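Numbering-wise (the working numbering), the sequence shown opens with residue 3 and increments by one.
First the structure, in the form of structure tokens, and then the observations on it.
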Amino acid sequence: MKHLKGHHPGTIWRKSDLQCHSPRDHSWRGLPTGLPGGTVENEAAKQLWASGFLNECERRNISVVAITDHHDFQMAECVAEEAKKTGRVSVFRGIEVTCEDNVQCLAIFEPECEKNVLTKFLGMLPGIMEASSEAGKAEPTKPCRMSLSALFDAVSEEPLVRDHCILLPHFSTLAAHKSANAKGFNLRFADLTCDGVYIEVPYGDLDNTTLDKIQGRVPDWGKRRRAIISTGDNKCDTYDRLGKYECWIKLGEHSLDSLRQAMLADEARITFAEPQIPSERITQLVVRSSITGNEELSVSFNAGFNALIGGRGSGKSSLIEYLRFGLARTASDLGSREGTSFRERDERLIDDTLQSDGYVAISLERDGISEVWCRTGKDRDHITVAAQDGTEILLTLDDARRRFRARAFEQKGLSSTMNDRAKAADQITGIAAAEELEQRRQIDEDIAKSKRAITTALRQAAAYWQLTREEARATSKVADLRLRLDANSERLQADGVDDAAMRVLKKAPLYSQANAYLKSIEESTDMSSKKIADAQNDILKTPVAECPLEFSHFSEIEVAAAAARQRIHELLLLAGQELDAFRAKCMEIKVAHQADMMVFNTAHDVAIAQQFMHRQAIDDNQRLTKEFEAAIEDERQAKAAAEAQADCVPRLEMSRENLKINLEKRRAILVAAAEKVAGHSGDALIARLKLDPSPEEYKSALEAICTGSYLQDANDRCHQRVENMRKEEWNSICDTVIEIYRDKIMMGSGAEPSDAQADRLGKALFSENFQMTPRTKKRFFAALDDAMVGSFLAAAPKDFIMLTYVDEQRRKIPFERASPGQQASALLELLLSQSAGTLIIDQPEDDLDNKVVMKIVEQIRLSKSQRQLIFATHNPNVVVNGDADKVISLTTGEPDPRPDMNAVRIAIDEDGAIETPEIKKSITHTMEGGEPAFELRRRKYRFSK
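What follows is the structure, encoded as structure tokens:
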């Protein structure tokens with residue numbers, strides 16, 4: 003099938019059954035009883051059966067079959083021709099052979115080979131006659147006069163057949179019918195040059211010994227690993243055994259070579275249960291830039307292993323960088339500008355080629371949801387996400403990285419992780435704990451929330467401390483005014499004011515207190531009414547989410563909720579009525595009090611008028627009385643405000659405790675990740691949690707309070723203080739800072755610290771023996787405010803995973819002292835062993851020798867079934883032995899001769915699976931130096947042909 007350049011799907015999983023029989027097979031049971039040819043009616047009957055058979059395959063989701071009648075290929079030809087009409091089922095022509103040593107063997111032929119190849123093959127079988135096309139059935143099955151070994155030898159020596167045929171011997175359990183897995187057969191099987199065997203049982207029924215024989219782990223049976231193909235051997239019109247034993251094969255073309263490639267990489271290309279492709283993957287990249295010419299460059303990606311190949315300057319690294327840009331994972335996006343030549347080049351690529359009209363569009367699959375992400379050269383701070391329904395949202399770069407899991411490394415990105423020691427711990431931790439990414443993101447968000455909660459709670463606590471100060475001041479003022487009123491009353495009495503008038507004058511403050519009390523009761527009653535009204539609106543609201551219809555019995559919840567709401571509303575109504583009754587009673591008392599006060603005011607006015615001769619003292623009494631009334635109101639308001647904020651201090655402590663809990667959770671996640679590193683790295687790495695020995699946030703908080711403190715070498719002293727700090731000492735420092743800050747607030751603005759306070763703060767910050775001037779200590783005190791104290795309380799360590807490299811002699815080497823090649827190989831193996839989203843790497847083979855590369859490619863074959871891989875590479879071992887599912891061969895495009903048109907600098911030459919003929923040519927020419935290089939190496943190493 004022809005595909006648009008750049009959009010060959012590569013290899014795809016296909017359910018297969020490579021041993022199917024037709025009614026022409028002598029052992030067929032049921033209807034039709036035979037399928038002769040020769041006449042129009044008979045040929046039509048053959049086509050009708052072929053069509054029905056293919057329909058049955060489609061119904062069972064089988065898309066690759068081989069028709070393998072015993073010693074006959076007439077119906078294989080017919081079914082193959084019928085399949086070409088729809089193209090939905092790929093059909094191989096085959097022949098089942100029974101050898102004289104009682105072993106059956108399947109011969110599978112190239113789909114496009116000439117019919118004479120099959121005829122020639124049958125002619126090579128002694129004692130076997132090709133059935134006539136007019137006959138309804140082939141002759142009864144009988145062994146050919148040729149052993150299994152002789153059959154292999156004969157095929158290998160016949161040029162017409164050799165390149166168009168694969169032989170698969172039967173190798174089921176010991177008790178299987180006509181199987182090569184028989185006593186005394188080991189020497190013959192060991193010498194067979196086959197790449198696979200077939201079984202007529204479920205894969206799970208094979209015992210370990212049989213598996214070891216097939217896969218080259220029993221020397222007496224040969225060291226060659228052979229693939230296993232599970233077949234149904236259907237011979238019945240009910241198709242009971244068609245696809246009965248699941249066998250899925252990953253194929254890139256409908257060709258014999260594709261089947262051979264699958265068997266050569268069977269760990270990755272053959273499975274016996276329905277395979278699962280990665281649920282999150284990149285499906286397509288579209289780039290419009292100055293180096294793609296006037297047309298977009300569009301390329302699709304396979305869900306498995308994608309390899310970008312091409313000569314130097316063909317654009318492999320450019321496409322990788324465009325992918326990183328589209329996923330918000332360039333060096334500048336991640337804040338990792340180390341200044342190496344590779345990163346500078348990558349940054350220039352984006353700046354120089356994605357001009358105002360340039361963009362990168364990436365199509366993604368995320369758990370069944372298709373999206374297109376577009377990031378332009380004009381707006382690099384956002385990514386536009388278009389959903390399937392046409393809606394669009396704008397994501398920040400950070401949100402985009404959270405939305406799609408991926409890791410992307412530039413050239414030499416793995417061998418340079420330790421170049422920037424300041425960021426190395428974060429990078430190593432990110433790689434080692436990649437599978438815990440979502441947990442780490444969530445806990446990091448929780449830590450950030452805890453920090454914000456601390457700063458918020460601190461501001462509220464500071465406001466509470468200010469309110470308690472104001473309350474204390476108001477209470478003090480009330481007490482002072484009461485004393486002054488009492489003193490003034492004594493003065494009036496001493497001056498001869500009559501007793502009755504004195505009693506009236508003394509009652510004035512009491513009426514003020516009574517008025518304040520009544521006002522407080524009114525406010526409390528109004529607040530209670532509001533709470534009842536709010537409760538009536540909010541109680542037991544129906545959840546926004548709808549209950550799935552499958553859980554219809556959940557409707558009882560709504561019935562119960564409605565009943566509960568009704569009863570609660572009734573109770574709240576009663577509560578409101580009780581509150582109204584209380585309000586009415588209070589109003590009744592207030593009216594009575596106002597009447598009393600009117601009488602009192604009259605008496606008060608008379609008492610004042612009668613004592614005109616004591617005018618000054620009475621004026622003072624009136625003034626003090628008014629001040630007392632105001633002070634009483636201020637005290638009432640201050641108490642109410644303080645009581646409303648009384649939980650702020652416990653909330654601050656709770657926020658600090660939550661931060662500690664979240665930090666412990668993060669440590670637990672990293673410990674769990676570290677425990678898996680050895681297994682994921684082939685024991686090349688040992689990982690352990692390393693507690694942050696010198697938290698940067700601690701240093702920053704100390705440095706900030708030292709600003710303007712006249713402390714010499716402040717930054718160095720801050721760093722030394724943090725590095726020498728005992729465990730939990732920072733919490734003690736924070737406790738002291740909070741206490742002194744509270745004291746500062748209670749003292750009022752502009753207050754100077756006592757010597758004891760300044761000394762205590764200085765020692766808390768810089769230890770008991772640290773010598774500071776009084777002026778420096780006072781500067782520390784003066785610097786305390788919400789922001790400064792908040793920076794202390796929210797400061798947190800950032801623990802990380804530390805790696806140790808284990809070399810081939812099992813020597814343990816600190817990771818930073820390992821060579822770049824050792825670092826890169828260990829990290830690459832670690833990454834490939836994880837299941838943590840799409841992995842994108844530019845030239846992973848850099849810094850690796852070929853011995854290590856071969857170990858890595860084994861890991862690639864295993865990893866590509868679990869996650870999508872996109873690598874740019876020059877190494878043929880990575881592509882071929884790594885069994886790339888899709889190869890994209892890039893080339894430097896021809897410039898456009900028109901002067902006003904952009905010159906194409908990169909273009910797609912070919913794409914497809916490694917078995918795609920054009921890709922085989924590209925790999926041979928670009929990566930291996932052509933066929934002459936192969937031949938020369940064969941001669942130099944004296945390999946036999």
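By construction, the Cβ of each residue, glycine as well, lies at the ideal position given by its N, Cα and C atoms.
As the structure is a computational prediction, the values presented were derived from the model and not from experiment.
To the nearest angstrom, how far is it from the Cα of residue i to the Cα of residue j?
i      : j      : result
Arg658 : Asp401 : 27 Å
Gly884 : Glu860 : 6 Å
Ile104 : Ala177 : Here residue 104 is Asn; the residue named in the question, Ile, does not match the sequence. Roughly 13 Å between the two C-alpha positions.
Lys237 : Lys678 : 49 Å
Glu705 : Cys720 : 6 Å
Ala264 : Lys662 : 53 Å
Arg567 : Ile541 : 7 Å
Glu298 : Val880 : 29 Å
Leu266 : Glu917 : 12 Å
Glu666 : Thr294 : 50 Å
Lys592 : Leu574 : 26 Å
Ile803 : Ser281 : 28 Å
Val889 : Lys453 : 48 Å
Val509 : Ala502 : First, the amino acid is wrong: residue 509 is Lys here, not Val. Approximately 11 Å between the Cα atoms of the pair.
Ala609 : Asp622 : 14 Å
Lys765 : Thr775 : 12 Å
Glu655 : Leu460 : 9 Å
Which term fits residue i, buried or exposed, when burial requires 16 or more other beta carbons within 10 angstroms of its beta carbon?
i      : result
Ile371 : exposed
Arg555 : The question names Arg, but residue 555 is His in the sequence shown. With fewer than 16 Cβ atoms within 10 Å of its Cβ, His555 is classed as exposed.
His166 : buried
Arg350 : exposed
Pro695 : exposed
Thr13  : buried
Arg819 : exposed
Lys958 : Residue numbering for the chain in the displayed model covers 3 to 947; residue 958 lies beyond these limits and cannot be assessed.
Lys139 : buried
Tyr247 : buried
Lys252 : buried
Phe873 : buried
Asp193 : exposed
Asn949 : Only positions 3 to 947 of the chain appear in this structure, which leaves residue 949 out of reach.
Glu933 : exposed
Pro38  : buried
Can the beta-carbon of residue i be found closer than 8 Å to that of residue j?
i      : j      : result
Asp887 : Asn304 : yes
Arg368 : Arg404 : no
Arg777 : Tyr712 : yes
Phe783 : Leu767 : no
Val157 : Leu170 : no
Val99  : Leu162 : no
Leu833 : Ile433 : yes
Glu84  : Ser53  : yes
Arg869 : Ser837 : yes
Val673 : Tyr700 : no
Thr419 : Ala426 : yes
Ile842 : Leu399 : no
Just list the residues that DSSP pairs residue i with in beta bridges.
i      : result
Lys2   : Outside the modelled stretch of the chain, which goes from 3 to 947, sits residue 2, for which no answer is possible.
Ala68  : Phe94
Trp375 : Ile364 and Val387
Lys888 : Asn308
Val301 : Leu287
Ile872 : Asn308 and Ile842
Arg690 : Met804
Ile293 : Per DSSP, none; premise fails for Ile293.
3 or more residues per run - each beta strand (DSSP E) lying fully within the segment 790-845: 802-808, 814-816 and 840-844
In chain order, each alpha helix (DSSP H) run of at least 4 residues that lies wholly inside the segment 95-125: 117-125
Within the segment 394-444, ranges of the beta strand (DSSP E) (whole runs, at least 3 residues): 394-398 and 408-411
Continuous beta strand (DSSP E) assignments of at least 3 residues falling wholly in the segment 156-239: 167-171, 198-201 and 229-232
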